[in-house]
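Report on the structure given below.
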Amino acid sequence: MGPGNSGKSSMRSIIFANHLARETRSFSHTVSVDRGQVRFLGTLTLNIWDCGGQIEYYKTYFSTEKETIFSNVSVLIFVLDVKSLQVDEDLEEYVKCVECLKEFSKQAKLFVLVHKMDLVPKEDRKKIYRGISKSLKQISLPFKITTYQTSIWEETLYEAWSNIIYSLIPNADLIHKHLTDFMTITEAEEVVIFEKATFLNISHATQPRSLNMYKDIHRFEKISNIVKLFKLSCIKTGISLNSMRVHSTNFDAFLMDFTSNTYIMVIIADPEVRAAATMLNIANARPHFEKLLAHV
Ligand SMILES: Nc1nc2c(ncn2[C@@H]2O[C@H](COP(=O)(O)OP(=O)(O)O)[C@@H](O)[C@H]2O)c(=O)[nH]1
Ligand SMILES: [Mg+2]
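Shown next, in the form of structure tokens:
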């Protein structure tokens, strides 16, 4: 949910329908509620309701359609345009959403995306975002909300959506545990699993000893963004991405087709670990993770 023109349909179509950011410029207004269904990891079905933000629709969301819209909500994602010219009205709508959620879906998780951050100069972002996030947290009580700053032009979009989806995967902790074991067995520095269709990162493990070697905390989102765009260009030329290896003096990175719904990335820094052994380890782990991910 969120005011009209704040970017809801754009992000949904980039993450779930392989659209490019520039294609969203020609999107027309969403009429009322656009109900879509996506399958994630093969077995998890997400019902995504994109609620058009024009004022006339909002009137019905809070009256006649209240129960339909706000019952059985797992996650409510509210999108705010950071450059909105009507901040008071936007927040008023947000507070109404919180009230309705309190009434019909107390257990729901609430995320607020402070969106279109690319329109704010880099040096001002932190301060502006912190201010908005702080006041949002206050007006959302009793819900403990999670906020993100996002933009369709930057990888922040992938960070927010990876975390939203992660909160919906029932056995996420178990997947993480097994991935950590796999990392230890393969003597890798870092291992990441990406969902095939969206390229969202659904689980990652990093060796504690390598944590301070990686200075970029946004590396997973950047890889999601870069590889997804690369994958889309491959599809255009009729090629499907199967695997990729980047080799340098300091590391060896493997990105490989893994289970039916995922890709895996394995980073090896130890020059003693041979590439063929890593590829064999990945192949051997495949059936195990296939089973594990089938229980999502
Ligand atoms: N600058 C900028 N524009 C965006 C961003 N996200 C969406 N837009 C643009 O905002 C306009 C409205 O987007 P749309 O997704 O239709 O908004 P909705 O009404 O919330 O569904 C479109 O022209 C998008 O290209 C963003 O992160 N940054
Ligand atoms: Mg829309």
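Okay, so the sequence shown: first residue is 85 according to the numbering used here, each after it adds one. Virtual Cβ for every residue (Gly too), placed ideally from N, Cα, C.
Whether residue i touches residue j by CB criterion (8 Å)
i, j, result
"S251", "K193", "yes"
"F195", "I236", "no"
"F278", "M349", "yes"
"T242", "E305", "It is worth fixing the name first, because residue 242 is Tyr in this sequence and not Thr. In this structure, E305 lies closer than 8 Å to Y242 by Cβ."
"S308", "F283", "yes"
"S90", "H262", "no"
"Y347", "D354", "no"
"E239", "I351", "no"
"S287", "A256", "yes"
"I223", "L376", "no"
"R119", "W133", "yes"
"Y141", "S116", "yes"
"N365", "I229", "no"
"K92", "V163", "yes"
"A289", "V311", "no"
"V182", "F111", "no"
Paired residues, beta bridge with residue i - DSSP
i, result
"Q233", "V198"
"N285", "F278"
"M267", "Its beta-bridge partners do not exist; DSSP assigns none."
"M349", "V276, L339"
"D134", "D118"
"K193", "V159"
"T127", "Bridge partners of T127: none, in fact."
"T148", "Its beta-bridge partners do not exist; DSSP assigns none."
Enclosing beta strand (DSSP E) for residue i [first to last residue]
i, result
"V122", "117-124"
"S224", "That residue, S224, is in no beta strand (DSSP E); it is neither H nor E in DSSP."
"M297", "No beta strand (DSSP E) contains M297, which DSSP labels as neither H nor E."
"M328", "327-331"
Whole-Å CB distance - residue i paired with residue j, under 8 Å assumed
i, j, result
"F154", "K180", "Wrong, their Cβ atoms sit about 10 Å apart, outside the cutoff."
"D174", "P87", "5 Å"
"R329", "F338", "5 Å"
"R370", "T343", "6 Å"
"N345", "G137", "Actually they do not touch by this definition, with Cβ atoms about 32 Å apart."
"V204", "E271", "Rounded, the Cβ-Cβ distance is 43 Å, inconsistent with contact."
Given residue i as reference, the closest of the options once Cα atoms are compared
i, options, result
"C135", "G126, H113, L125, L128", "H113"
"S83", "I223, I216, N296, K150", "In the structure as shown, the chain begins at 85 and stops at 380. Residue 83 is therefore absent and cannot be evaluated."
"A378", "T129, I99, R106", "T129"
"T152", "G137, Y178, L185, T268", "L185"
"I248", "Y232, I259, H260", "Y232"
"R109", "E356, K280, V157, M95", "M95"
"T234", "R370, E374, I99", "I99"
"N326", "N368, R106, K280, T362", "K280"
"T144", "L313, E177, N156, Q121", "E177"
"R106", "L313, V357, L220, N368", "L313"
"E149", "F188, L220, R293, V357", "F188"
"N102", "K211, A367, T321, K315", "K315"
Opening and closing residue of the alpha helix (DSSP H) in which residue i lies
i, result
"V159", "Where V159 is concerned, there is no enclosing alpha helix (DSSP H), although the beta strand (DSSP E) it sits in stretches over 159-165."
"F304", "303-320"
"L241", "240-250"
"D172", "171-188"
"A105", "No alpha helix (DSSP H) holds A105; DSSP gives it neither H nor E."
"M85", "Taken as a continuous stretch (DSSP letters only), M85 belongs to no alpha helix (DSSP H), as it is neither H nor E."
"T144", "139-145"
"R109", "It is not in any alpha helix (DSSP H) - R109 carries neither H nor E in the DSSP assignment."
"I366", "359-378"
Short CB-CB distance (under 8 Å) between residue i and chain C
i, result
"T114", "The question asks about chain C, but that chain is absent: this structure has only one protein chain."
Heavy atom of ligand 3 within 7 Å of residue i beta-carbon
i, result
"D134", "Among the ligands modelled here, namely ligand 1 and ligand 2, ligand 3 does not occur."
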